[in-house]
Amino acid sequence: PPPFLNRRRQKLRVSKIESLSHDVIKLTLALPRAQQKLGLPVGKHVKVFGPNKKGKEERQWNGRPDPEEGRTEIERKYTPVTSVETAGYFELVL
Numbered sequence: 074p075p076p077f078l079n080r081r082r083q084k085l086r087v088s089k090i091e092s093l094s095h096d097v098i099k100l101t102l103a104l105p106r107a108q109q110k111l112g113l114p115v116g117k118h119v120k121v122f123g124p125n126k127k128g129k130e131e132r133q134w135n136g137r138p139d140p141e142e143g144r145t146e147i148e149r150k151y152t153p154v155t156s157v158e159t160a161g162y163f164e165l166v167l
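Going by the working numbering, 119 is the number at position 46 of the sequence shown; the sequence numbering is gapless.
Written as structure tokens, this is what we have:
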């Protein structure tokens, strides 16, 4: 199958969440096909989008002013920790 990445926004299913420490997790994201590879060169990143949830204190995030206040969605960039040859899934450490 062709690589998953195609420069368009796509949805994936989180198949596993592993706690690595009190504030670090490893996400495993399942690709649509078991034999499919992500298609990202070594050292590059993927963009992850998610809803902008409100913090415990208004206009604050982790005790600081929230630079994304008012946005409905946030974007983060992560470099996968799996091999470029891995098929069917990839992992991100957050």
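Idealized CB from N, CA, C, for every residue including glycine.
Buried versus exposed, by CB contacts within 10 Å (16 or more), residue i
i: residue 163; result: buried
i: residue 127; result: exposed
i: residue 129; result: exposed
i: residue 110; result: buried
i: residue 122; result: exposed
Own chain, CB closer than 6 Å to residue i, minus 5 neighbours either side, in chain order
i: residue 150; result: 118, 120
i: residue 154; result: 164, 166
i: residue 99; result: 91, 93, 164, 166
Span of the beta strand (DSSP E), counted from its first residue to its last, around residue i
i: residue 124; result: 119–124
i: residue 132; result: Where residue 132 is concerned, there is no enclosing beta strand (DSSP E), given that its DSSP letter is neither H nor E.
i: residue 103; result: 97–103
i: residue 92; result: 86–94
Cβ contact (3+ pairs, closer than 8 Å) linking the region 130–141 and the region 85–104: no
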